[in-house]
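Note that the protein sequences, when read in sequence, are chains A and B. Per numbering that gives the first Met the number 0, the very first residue in the first sequence carries number 0; after that it's consecutive. Per numbering that gives the first Met the number 0, the very first residue in the second sequence carries number 0; after that it's consecutive. All residues carry an ideal CB built from backbone N, CA and C; glycine is no exception. It should be emphasised that the depicted structure is a prediction, and the values quoted were computed from it without experimental measurement. What follows is a single structure, written as structure tokens, with notes after it.
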Amino acid sequence: MKWSAVPYSALRALRRNLMRTLLTALGIIIGVGAVITMVGLGQGASAEVKEQVNRLGQNVVLIFPGERQLGGVSIGGGSANTLTAEDARALREEIPEVIASSPEVRSTRVVVYGNRNWATRVYGQSHDYLQIRNWGVESGEMFTEEHVAEAALVAVVGQTIVEELFEGSDPIGETIRVRGLPLEIIGVLERKGMSLMGSVQDDIVIVPYTTAFQRISGRTHAMVINVQVFDEESMEIARVKIADLLRERHRLAPYQEDDFTIQTQEEVAQMATETSRVMTWLLASIAGISLFVGGIGIMNVMLVSVTERTREVGLRLAVGARGPDVLLQFLIEAVILCLLGGIGGIVVGLLGTEIIASIAGWPALFSAEAMIIAVTVSAAVGLFFGFYPAWKASRLDPIVALRRE
Amino acid sequence: MGESGLVRLKAIERVYRTGRVEVRALRGVDLEVARGEFVAIMGPSGSGKSTLMNILGCLDQPTAGNYHLDGQDVARMRKGELARIRNRILGFVFQAFHLLPRTSAQENVELPLLYRDEELSWKDIHSRARAALEKVGLGERLDHTPNELSGGQKQRVAIARALVTEPRVLLADEPTGNLDSRTTLEIIDLIQGLHRQGLTILMVTHEPDIARYAQRTITLRDGLMASDVRHTPLDARQALDDWTEARQDMTPTEVVAP
Ligand SMILES: Nc1ncnc2c1ncn2[C@@H]1O[C@H](COP(=O)(O)OP(=O)(O)OP(=O)(O)O)[C@@H](O)[C@H]1O
Ligand SMILES: [Mg+2]
């Protein structure tokens, strides 16, 4: 037989049955595209969560005022007044494993520059806060221990402030006002993006906590103490030492509960990972359903033409084709179809992931496994239903295949 | 005849089994056809004409009996060898045309050439198909798909497809069964032309008028050969000319009539 006629006949057959070809390819494209997009998004989201947990900083311990609440979480606490700036300093100075410690107060305040206003969150922190958060300055500098000691009127601002108040021009050396207090901008923070909770972390002004406590937030106590521990192995010891030191400083009797809650980064990360895992599964199930629906589509389109295919096989046999010759043609036809659909699906999936990820602000991740699984499944469906009727027909006597109705 | 018979059937039987029912479609048919004969096979519906034709065409295997085609024992052959016989020695024309839909006449005719053992060049394939279509008078319709062709033209394409491999025997199962009488005559004329060029032809028909264009008529009844008659064939060309004349005689009268 003429071998160059095999791919030729296959391509002709695909063109001859253009509608069937397109519908089948569409089924594969939808299935593969959906799987790649969904899994890509799920993985992108998890990666983003991990990334953000990392951006919390390395080996971070958060200490909240008030006792541990049911469920163990009290993020955004600060209801109780039990943690002081002195506690924070004591942690840094008396526990060797603690390498940085920053008492935090937050308040939402209107910041004024010239005739512009912008409501933002003003944070009081110590000089080593950026180290804890693993955050850098893009220009200028973070305030120093001396600035904190003398409660200097200086501020480090996030990118959102630069955009909203300074229209992107360099704000270093400019003075902004918060509650009438003039603050000189000495540094601009690197862009950080959205937080785990969905807030824009760049919408921020950081000032020495000594400046913030009384004069900006009107508080006497820290809402959180951000602590950084030397390394991962020291986390548990540090945790015990922190608890001991704070109990001692707060003069708690042995029968009294802690008046603070210690939470490690690990615990925060676990919560976040759990959430993103659930989401990944959800997306993966949607993808699975799409793949299934695509598969049924392929099957239907293929089965509709079984009679025509059977007759075609019968005719080819009648004019002298051998069973294997005919099978090869149909096999190649199905393979070409699945390849086209698979490539189309991958392109659609990658584009879809890219687009949605860019809208959501996540990294676009492509999972090779998802790609392989999706292409394999839809190719298997396409191959089976494209090939099986031909295989059956090729085993018939030509005259029986020709007469099939 | 004797040993020189191109087609030699001996005691051919064919039993169809559908579930528990057995249909004995052929019950012992003997037939010899010499090179260059034009044989019509007749018989009432259900007498086994198509069954016999399918066996002759190696599309079906007899349940019992011997079949020698061109000296080869085809009843004992395996599927692959039969495919070769169908491709090289036989040309088959069906009542229902069986052209590939949405495929040009040219490509339909090329089909058997794609399955030849020895490879032909594409150029050769194209030119042979074109020549076959010209032979059946469709040189102008190479690119037409079956749904752009009339019934007679479709059957011409099918005949071209049967001829393109230069077979020894042309088998036609009611080739004119789906055609009107004028087109039927044209197809018969074409077949007679092929016969004059030396092709051996076996044709099933249930119309005695058509059988008379063959040289020999075999009649089947209940799966057995009932008669085998040789006769002088009518000339389809002549019949076509008469037909045209008759129409020309008629038309002016009708037009002139007040
Ligand atoms: N595939 C089959 N399965 C079962 N029985 C069959 C099959 N093909 C034919 N028969 C039976 O065999 C007998 C002969 O059928 P065949 O088609 O050869 O008749 P025929 O002479 O060609 O008739 P017609 O003029 O109607 O085409 C019939 O009784 C028919 O019912
Ligand atoms: Mg019949």
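| Item | Value |
| --- | --- |
| May I ask which residues mark the beginning and end of the beta strand (DSSP E) holding VAL280 of chain A? | Correcting the residue identity first, residue 280 of chain A is Trp in this sequence and not Val. Where TRP280 of chain A is concerned, there is no enclosing beta strand (DSSP E), although the alpha helix (DSSP H) it sits in stretches over 264-303. |
| Give the C-beta separation of VAL104 of chain A and MET222 of chain A to the nearest angstrom, bearing in mind that I take them to be a contact with Cβ-Cβ under 8 Å. | 5 Å |
| Rounded to the nearest angstrom, what separates VAL147 of chain A and LEU281 of chain A at their Cα positions? | 48 Å |
| For THR17 of chain B, is the beta carbon positioned less than 8 Å from some heavy atom of ligand 1? | yes |
| Where does GLU163 of chain A land, buried or exposed, given buried means 16+ other C-beta within 10 angstroms? | buried |
| Apply the 10 Å Cβ neighbour rule to THR183 of chain B and answer buried if 16 or more other Cβ atoms are within range, or exposed otherwise. | buried |
| Heavy atom of ligand 1 less than 8 Å from the Cβ of SER126 of chain B, yes or no? | no |
| Roughly how many whole angstroms lie between the Cα atoms of ILE131 of chain A and GLN57 of chain A? | 7 Å |
| Would you please verify whether the beta carbon of GLU31 of chain B is less than 9 Å from any beta carbon of chain A? | no |
| If I follow the unbroken alpha helix (DSSP H) through ARG238 of chain A, where does it start and stop? | 234-248 |
| Using CA coordinates, which residue listed in A:TYR208, A:GLY381 and A:ALA369 is at the minimum distance from ALA333 of chain A? | A:GLY381 |
| To which residues of the same chain is ILE62 of chain A closer than 6 Å at the C-beta, ignoring the five residues directly before and after it? | ILE224, PHE259 and ILE261 |
| Considering just the uninterrupted stretch of the beta strand (DSSP E) at TRP117 of chain A, what are its terminal residues? | 115-124 |
| In the stretch 12-71 of chain B, which residue ranges form an unbroken alpha helix (DSSP H) of at least 4 residues, counting only runs that do not cross its ends? | 48-55 |
| In chain A, which residues lie less than 8 Å from ALA157 of chain B when you measure between Cβ atoms? | Residues of chain A passing the Cβ test: none, with the nearest at roughly 10 Å. |
| Under 8 Å between beta-carbons, which chain C residues line up against LYS78 of chain B? List them in chain order, please. | Absent from the structure is chain C; the protein chains it does hold are A and B. |
| Quick check: what's the CA-CA separation for GLY75 of chain A versus TYR122 of chain A? | The predicted position of GLY75 of chain A is uncertain, since its pLDDT is 45 and thus under 50; no value can be drawn from it. |
| Closer than 7 Å, Cβ to any Cβ of chain B: which residues of the stretch 377-402 of chain A, in chain order? | ASP396, PRO397, ILE398 and LEU401 |
| Considering only residues of the same chain and omitting the five flanking positions on each side of TRP390 of chain A, which have a CB-CB separation below 7 Å? | LEU326 |
| Decide if LYS122 of chain B is buried, meaning its Cβ has at least 16 other Cβ atoms within 10 Å, or exposed. | exposed |
| Taking the continuous alpha helix (DSSP H) assigned at GLN105 of chain B, which residues delimit it? | 104-113 |
| Note down, in chain order, each residue of its chain lying with its Cβ closer than 7 Å to the Cβ of PRO181 of chain A, except the 5 sequence neighbours on either side. | LEU152 and THR174 |
| Can you check which of these residues, A:GLY172, A:ARG176, A:ARG178 and A:VAL177, is closest to ILE185 of chain A by C-alpha distance? | A:GLY172 |
| Closer than 9 Å, CB to CB, is LEU330 of chain A near chain B or not? | no |
| Considering only residues of the same chain and omitting the five flanking positions on each side of GLY322 of chain A, which have a CB-CB separation below 6 Å? | SER393 |
| If the cut is a Cβ gap below 7 Å, which residues of chain B does ARG15 of chain A touch? | ARG101 and THR102 |
| Are the Cβ atoms of LEU188 of chain A and VAL155 of chain A separated by less than 9 Å? | yes |
| Could you name the residues of the same chain whose beta carbon sits closer than 7 Å to that of GLY167 of chain A, not counting the 5 residues immediately before and after it, in chain order? | VAL161 |
| Please classify ILE260 of chain B as buried or exposed, where buried requires at least 16 other C-beta atoms within 10 Å of its C-beta. | Outside the shown range of chain B (0 to 257) lies residue 260 of chain B, about which nothing can therefore be said. |
| State whether the stretch 60-68 of chain B contacts the stretch 11-21 of chain B, with contact taken as three or more CB pairs (one from each stretch) at a distance under 8 Å. | yes |
| Closer than 7 Å between beta carbons: that is the criterion. Which residues of the stretch 53-70 of chain B meet it against chain A? | ASN53, LEU58 and ASP59 |
| For chain A, is any of its Cβ atoms less than 9 Å away from the one on HIS125 of chain B? | no |
| Could you run through the stretch 309-320 of chain A and flag, in chain order, every residue whose CB is less than 9 Å away from some CB of chain B? | ARG310, GLU311, GLY313, LEU314, ARG315, LEU316, ALA317, VAL318, GLY319 and ALA320 |
| Is the CB of THR301 of chain A under 9 Å away from at least one CB in chain B? | Correcting the residue identity first, residue 301 of chain A is Met in this sequence and not Thr. By this cut-off, MET301 of chain A is not an interface position. |
| Give me the pocket residues for ligand 2, defined as CB within less than 7 Å of any heavy atom, sorted by chain position. | B:LYS48, B:SER49, B:ASP172, B:GLU173 and B:VAL203 |
| If you drop the 5 nearest sequence neighbours on each side, which residues of the same chain put their C-beta closer than 7 Å to that of ALA238 of chain B? | LEU184 |
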